[in-house]
Amino acid sequence: MSNVDYSIRGRIAVIAFQAPPVNSLGFALRDGLVSALERASADAAVDGIVLIGSNGTFSAGADIREFGGAAVRQGPTLWTLNSLLDSMPKPVVAAIEGVALGGGLELAMSCHHRVALATARVGLPEVKLGLLPGAGGTQRLPRLIGIENALNVMLSGEPLSVGMFAKSPLFDAVVETDLLGAAVKVAETSAAALKTGQALPRARDQRIREPDLEALMGFARNTVKTAFKEYPAPLAIIDAVQFGAKNGFDAGQAEEGRLFKQLMDGTVSASLRHIFFAERAASRIADLPADTKPRNVQQVAVIGAGTMGSGISINFLNAGIGVRLLELNKEALDRGVVRIREVFEGQVKKGKLDVAKLEARMALLKPVLAYEDIGDADLVIEAVFEEMSVKEQVFSKLDAVMKPGAILATNTSTLDVDHIAAITQRPQDVIGLHFFSPANIMKLLEVVRGAKTAPDVLATAMTLAKKIKKTAVVSGVCDGFIGNRMVHQYVAQGMAMVDEGASPEQVDKAIEKFGFAMGPFRMGDLAGNDIGWHIRKRQYASGSHVKRQVVADRLCEMGRFGQKTGSGWYDYKKGDRNAYPSPVVAGVIDEARKAAGITPRKIEPAEIVDRLVYALVNEGARILEEKIAQRASDIDLVYLTGYGFPIWRGGPMRYADSQSLYEVARRMRAFGAQPGGDAEFWTPAPLLARLAAEGGSFTGGAA
Ligand code: CAA
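So the sequence shown is numbered by this note's numbering: it starts at 1131 and just counts up by one.
Quick look at the structure:
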């Protein structure tokens, strides 16, 4: 079927276009639209034109898949299309339903008139892709809704209800039904007015009325400079708007084009575009049949009313799903319920929730003290102590009480999900749902697929994740899954640098300057160093090949577990979350270096950053090769949503690509070769070595 359908209603040409699923304006559609507009222009039987999406939506804008390649500039470009609209001799009306976003709204603004269905949403979301609206949006929108409103639309990037602009020149009419009929009517009226000598209204001809342009732009500039430090697009939007307001539409549009190209060629936009597609790819599971039907989940049970169990429960309560919270100890159960209520009360205080909703959510929560009371739940998630013997007890109990078909999930962060599944008579119903702390806030959910997990159990987990607004990433079974397996290498590398001569604060500072929310030592102190200690002790005991972490172990032996004990890698003061360098820790480090015969050396911040990030990348490469992760972009999502990796760098795998894998492998080998370097640790993983040699990349992104 052609992407553009041309039909006639009276004396109005209706150009109905489609490029499913969202009518993005790729080359073929642009070409089709130009031809249809030229045909209507030349058609003597036509007085006016309506542009309408034929599949329930107008357009989600430029085809993002073309970005970074030649197709985006393949003629006709969006710019050509919009210039053609400006020069049309007959009125053109955009009829908007669904969404008109980005280039879609820019196309509509280049039409003479716009009519929208009241349910439609419009916006210029380019800023979220690290871009500015590059098809006249920075020039036309301020002329239609005023500079301040236009800046708010462009800097937030949010899709907004058309009702917000119903009274502005952005829309001629907002209708409840019969969009096409209304648009045809507007076209007829406009065509009649044209015949009486009235000029066709064009956004480009509107005057910008802003009495205090300099002050407004100065204020906007200061605001975005602090709010979006690492992101160049917001400032570029302000620059383009100001330039056009001062120098006129054509000069403004030329400046917009120059800035658009600059942003498109930059690394921040490439990273954000990578994330856009990563977010959508993560829900695709290659070997899951497309017709897999998820199981019905109406009632969830959570075992363990500690911080984790309470946080997990809140997610489901927020989504309107009933939760049985099980804890065998009455006081602990009561504390859990209070904790949940306090979180909701905090939201009420901030104005994010009203009291009625708070009570409605609490009414969905049923605290229980016995396993028998959760038997009819459709999904049960255990969040008990991270110890295999404890999990074994819980799962044999669950196997006994849960109804057939219930999904049995573990929130383990490191333990073997296949072993846990094997405790039960129904390993096909067992899955890992690894929430991150605080579980009601962190976006990431690692969905751990066991060897025997049934396809519909996996599909249910992915569907539920969407319902509770989590970013779900599928992981295979291994020690630590995707995120923690990688973080172990990263933390180990941080500790290695402390052994060699860096202080914990030097390591943290360097990686925080790179953009991590928190360095490995502050992170350890926040999460509790006892967790890693516990895991290490298990590894030492199992005889697995792990290096003894002398300093970290010693600090734990001293009870320095982190913020919760008032001391860890740093010292803490009561009521103050700042981390203060600790002379005690410095002493322990010094002692350990002496015992190991290490003469400390100064480690430059650049080396600290490379060693921490490349430790992640090398383990990521192994995870990819072992098919623990389905794709490199899934690994990036894990790090962006669960570990505070700087968003503008796109995740560790994408970042490695941007550095060129050849360079990454070369630097790694150099770390291994330096005096005292760990040559085994720094041997590039086979996949990394191969891609580096071939000039390839993990994510398919350009170097
Ligand atoms: N280009 C290419 N593909 C797009 C796209 C676009 N602009 N917008 C969405 N898609 C694709 C998605 O990748 C997804 O593909 P898969 O099914 O293969 O994964 C599919 O369309 C459906 O998208 P969602 O899963 O996001 O569906 P949704 O219903 O949840 O949301 C949406 C729909 C609101 C349109 C959302 O996709 C969205 O916000 N899209 C991005 C819009 C955007 O950023 N537009 C600006 C583009 S840049 C531009 O226009 C530059 C310019 O100024 C010239």
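We put the beta carbon where it would ideally sit given N, CA and C, even for glycine.
| Query | Result |
| --- | --- |
| Run the proximity test for D1193: is its beta-carbon closer than 6 Å to any non-hydrogen atom belonging to the ligand CAA? | yes |
| Taking Cβ to Cβ, would you say V1681 is nearer than 7 Å to I1728? | no |
| My guess is that R1425 and D1586 are in contact by the Cβ rule of under 8 Å, so how many angstroms apart are they, rounded? | 6 Å |
| For I1511 and G1434, what's the separation of their Cα atoms in angstroms? | 9 Å |
| For S1413, which residues from the same chain have a beta carbon less than 8 Å from its beta carbon, with the 5 sequence-adjacent residues on both sides left out? | M1592, K1596 and A1602 |
| Considering only the alpha carbon of each residue, which of D1559, Q1760, W1812 and D1380 lies closest to G1267? | D1380 |
| Between F1828 and chain E, is any beta-carbon pair separated by less than 7 Å? | Protein chains in the displayed structure number just one, and chain E is not present. |
| How close, in whole Å, do the beta carbons of G1649 and G1662 come, if the pair is a contact with beta carbons under 8 Å? | Contact doesn't hold; Cβ gap of about 15 Å is too wide. |
| Skipping 5 residues on each side, what residues in its chain have a beta carbon closer than 7 Å to that of R1779? | S1401, G1645 and Y1785 |
| Give the DSSP bridge partners of L1509, in chain order. | V1430 and I1537 |
| Is the closest heavy atom of the ligand CAA to the C-beta of G1205 under 6 Å? | no |
| Checking the sheet assignment: what are the DSSP bridge partners for P1711? | Y1700 |
| Report the start-end ranges of each alpha helix (DSSP H) in the segment 1663-1696 that is 4 residues or longer and not cut off at the edges. | 1680-1687 |
| Which residues mark the beginning and the end of the beta strand (DSSP E) in which G1253 is found? | R1251 to G1253 |
| Cβ of E1256 versus every heavy atom of the ligand CAA: is any distance shorter than 6 Å? | yes |
| Assuming Q1623 contacts L1742 under a Cβ cut-off of 8 Å, what Cβ separation, rounded to an integer in Å, is found between them? | 6 Å |
| By the three-class DSSP mapping on this structure, what secondary structure does K1599 have? | coil |
| Using three-state DSSP, classify A1366 as helix, strand or coil. | helix |
| How many angstroms separate the CA atom of E1196 from the CA atom of A1170? | 28 Å |
| Assign I1138 to one of two classes, buried (16 or more other C-beta atoms within 10 Å of its C-beta) or exposed (fewer than that). | exposed |
| Give me the Cα-Cα distance between I1550 and I1561, rounded to the nearest whole angstrom. | 9 Å |
| Could you work out which residue in I1442, Q1428 and L1235 is closest to A1333 when comparing CA atoms only? | L1235 |
| Kindly identify the DSSP beta-bridge partner or partners of A1225. | I1182 and V1245 |
| On the DSSP bridge list, what partners appear for H1564? | E1576 |
| Helix, strand or coil for K1487, going by three-state DSSP, please let me know. | helix |
| Mapping DSSP to helix, strand and coil, what is V1152? | coil |
| Please name the residue, chosen from G1378, A1671, Y1710 and A1408, that lies closest to K1639 on a Cα-to-Cα basis. | Y1710 |
| Output needed for P1816: all residues of its chain with C-beta closer than 7 Å, excluding positions within five of it in sequence on either side, in chain order. | E1755 |
| Which same chain residues, not among the five before or five after G1772, have their C-beta less than 8 Å away from its C-beta? | F1566, M1572, K1573, L1574, E1576 and G1613 |
| With a CB to CB cut of under 7 Å and the five nearest residues on each side skipped, what residues in its chain are close to I1470? | S1440, S1443, I1444 and L1495 |
| With which residues is G1452 paired in a DSSP beta bridge? | Q1429 |
| Taking only the alpha-carbon atoms, compute the straight-line gap between G1828 and G1774 and give it to the nearest angstrom. | Gly is not the amino acid found at residue 1828; the sequence shown has Phe there. Going by the C-alpha atoms only, they are around 20 Å apart. |
| Identify whether R1351 lies in helix, strand or coil by the three-state DSSP scheme. | helix |
| Rank M1239, L1310 and R1799 by C-alpha distance to the C-alpha of F1295 and give the top, closest one. | M1239 |
| Any heavy atom of the ligand CAA closer than 6 Å to the beta-carbon of P1263? | yes |
| Once DSSP output is grouped into helix, strand and coil, what is the label at A1265? | coil |
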